[in-house]
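2 protein chains.
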Amino acid sequence: MALRTLSAKSAAALDQELMSAGAFSIDQLMELAGLSVSQAVFKLQPLNQGKRILVACGPGNNGGDGLVAARHLFHYGYQPTIYYPKQSKNELYQRLTKQLKDLKVPFTEDFPSALKETDHIVDAIFGFSFSGDVREPFPKVIEALRDTKIPVLAVDAPSSWNIEDGPPGSGPGKGFMPEALISLTAPKPLVKWFEGRHFLGGRFLTPEMAEKYNLELPKYQDLDQIVEVNIEGGKL
Amino acid sequence: MALRTLSAKSAAALDQELMSAGAFSIDQLMELAGLSVSQAVFKLQPLNQGKRILVACGPGNNGGDGLVAARHLFHYGYQPTIYYPKQSKNELYQRLTKQLKDLKVPFTEDFPSALKETDHIVDAIFGFSFSGDVREPFPKVIEALRDTKIPVLAVDAPSSWNIEDGPPGSGPGKGFMPEALISLTAPKPLVKWFEGRHFLGGRFLTPEMAEKYNLELPKYQDLDQIVEVNIEGGKL
Chain B
1 MALRTLSAKS AAALDQELMS AGAFSIDQLM ELAGLSVSQA VFKLQPLNQG
51 KRILVACGPG NNGGDGLVAA RHLFHYGYQP TIYYPKQSKN ELYQRLTKQL
101 KDLKVPFTED FPSALKETDH IVDAIFGFSF SGDVREPFPK VIEALRDTKI
151 PVLAVDAPSS WNIEDGPPGS GPGKGFMPEA LISLTAPKPL VKWFEGRHFL
201 GGRFLTPEMA EKYNLELPKY QDLDQIVEVN IEGGKL
Chain R
1 MALRTLSAKS AAALDQELMS AGAFSIDQLM ELAGLSVSQA VFKLQPLNQG
51 KRILVACGPG NNGGDGLVAA RHLFHYGYQP TIYYPKQSKN ELYQRLTKQL
101 KDLKVPFTED FPSALKETDH IVDAIFGFSF SGDVREPFPK VIEALRDTKI
151 PVLAVDAPSS WNIEDGPPGS GPGKGFMPEA LISLTAPKPL VKWFEGRHFL
201 GGRFLTPEMA EKYNLELPKY QDLDQIVEVN IEGGKL
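As they're listed, the protein sequences go chains B and R.
Counting with full-length UniProt numbering, you get residues 1 to 236 for the letters of the first sequence.
Counting with full-length UniProt numbering, you get residues 1 to 236 for the letters of the second sequence.
Rendered as structure tokens:
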């Protein structure tokens, strides 16, 4: 049985429902999403195999998840560096940024240099609301992510991939296949084309919401906020 | 060396600073606090030794931490029941309550009966802002917590204890000694009189804030949001 997925439109509707009828605040959801991302990094990149994590953040919610993840990574003992070229004026993102600056987490504007000094990369550039073309300054960043040999964990989607149709046939993301992907709340249709390790986060969904959106609640272990699943939908 | 503690006044100042200069929202802090509490329950009460958790919530932030903890406990596989007799009209607590109701977590108004059908209790009635007398309907609840043989985990303070001076010499809380205590962000002076297992939560404090408030950042393991410490300040 294939893994049940959520279209971009349904994912947006589910998020909206969590925050309206579900009574979650975006602060809460982003904290839990970022925590999940940080736990996936912890599994993929053990602390004793290189602590430097470059977190590339886009202008929207995906970038916000990256900012939260970076904070938790700092507290686990990692050395995160943030690339966040299009900083939103949104108050939440500004607060998440301030929380990192208070930890003296460095922000860089020079992605190519940062790439030479990291052990792992989090791609939190574009999430499930991405469509259309990759805007500046991200084309070069995505090319670099495509070409690097350093492992990349993509948050919700490999940036520049089409949410429904997967890898782009042209443009900077053509041929971009991250080592790992963490799907937040539910996998998007693009997972069908994904060939790396796949994690699922979102241990807050109610059974009712899962049923309504035709999702299966994965079996998390112990206190884990993530679970590794294969693309066929089985737990590893 | 004794564990460094934070007076009620300093704890309030630190909380305020986290939310002003520190740029944390109360949603974020409460989510992380409640997550810590849920992890302490997971350590104290393994799932295969009884899943029923009675969470007694007071009207303020301590109760809010209990509501968040109960939600996470549900997702871990526990069966929480909430006693929350003085429900605040505060929007945040109402949302946390709704999140539990959406999971069909039961709310009870009958504490004595609930006590007969639980394996573990979380005392989230009063926290570090408590002082003075225990108001209705809590005196009987605290007497029941004092007299029960079911293990109790107190959040930040055994309810009715004086934050600076510890166990009360009279009243319903006289002789109340929970099995365990989780101190959020930092232990309060009352820990000097506490004789049970002691956990610390708050893996978000910056080194600067810790220095300013003369606290030691504990050494958390792996992804843990809590650490068990002895009252002398050493890690167990």
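All C-beta atoms in this analysis are idealised placements derived from N, C-alpha and C, irrespective of residue type, glycine included.
Beta carbon proximity, residue i to chain B, threshold 9 Å
i, result
"residue 102 (chain R)", "yes"
"residue 216 (chain R)", "no"
"residue 195 (chain R)", "no"
"residue 206 (chain R)", "yes"
"residue 78 (chain R)", "no"
"residue 198 (chain R)", "no"
"residue 52 (chain R)", "no"
"residue 75 (chain R)", "yes"
"residue 71 (chain R)", "yes"
"residue 1 (chain R)", "Because the pLDDT of residue 1 (chain R) is 48, which lies under 50, any placement of that residue in the model is unreliable, and the number read from its coordinates should be weighed accordingly. For residue 1 (chain R), the answer is no, since every Cβ of chain B falls outside 9 Å of its Cβ."
Boundaries (first-last residue) of the beta strand (DSSP E) holding residue i
i, result
"residue 201 (chain B)", "197-201"
Per DSSP, cross-strand counterpart(s) of residue i
i, result
"residue 162 (chain R)", "R:166"
"residue 55 (chain R)", "R:82, R:122"
"residue 182 (chain R)", "R:155, R:199"
Neighbour flag for residue i against chain R, beta carbons, 9 Å
i, result
"residue 148 (chain B)", "no"
"residue 48 (chain B)", "no"
"residue 203 (chain B)", "yes"
"residue 177 (chain B)", "no"
Residue i, DSSP secondary structure in three states
i, result
"residue 157 (chain R)", "coil"
"residue 205 (chain R)", "coil"
"residue 5 (chain R)", "coil"
"residue 141 (chain B)", "helix"
"residue 229 (chain R)", "strand"
"residue 108 (chain R)", "strand"
"residue 18 (chain B)", "helix"
"residue 222 (chain R)", "coil"
"residue 88 (chain B)", "coil"
"residue 189 (chain R)", "helix"
"residue 146 (chain R)", "helix"
"residue 129 (chain R)", "coil"
"residue 12 (chain B)", "helix"
Residue i - containing alpha helix (DSSP H), residue span
i, result
"residue 112 (chain R)", "111-115"
"residue 42 (chain B)", "26-44"
"residue 61 (chain B)", "61-76"
"residue 215 (chain B)", "That residue, residue 215 (chain B), is in no alpha helix (DSSP H); it is neither H nor E in DSSP."
"residue 240 (chain B)", "The question about residue 240 (chain B) has no answer here: the residues shown for chain B are numbered 1 through 236."
Exercise for the section: Closer than 9 Å, Cβ to Cβ, to anything on chain R: give me those residues from the stretch 16-41 of chain B, in chain order. Expected result: Within the stretch 16-41 of chain B, the residues whose Cβ lies closer than 9 Å to some Cβ of chain R are 21, 22, 23, 24, 25, 26, 27, 28, 30, 31, 32, 35, 38, 39, listed in chain order.
Practice task
Please name the residues in the stretch 220-231 of chain R whose beta-carbon is closer than 9 Å to at least one beta-carbon of chain B, in chain order.
Solution key: Closer than 9 Å at the C-beta level to chain B, one finds these residues of the stretch 220-231 of chain R: 220, 222, 223, 224, 225.
Practice task
Compile a chain-ordered list of the residues in the stretch 89-115 of chain B whose CB is closer than 7 Å to at least one CB of chain R.
Solution key: Result list: 95, 98, 99, 102, 103.
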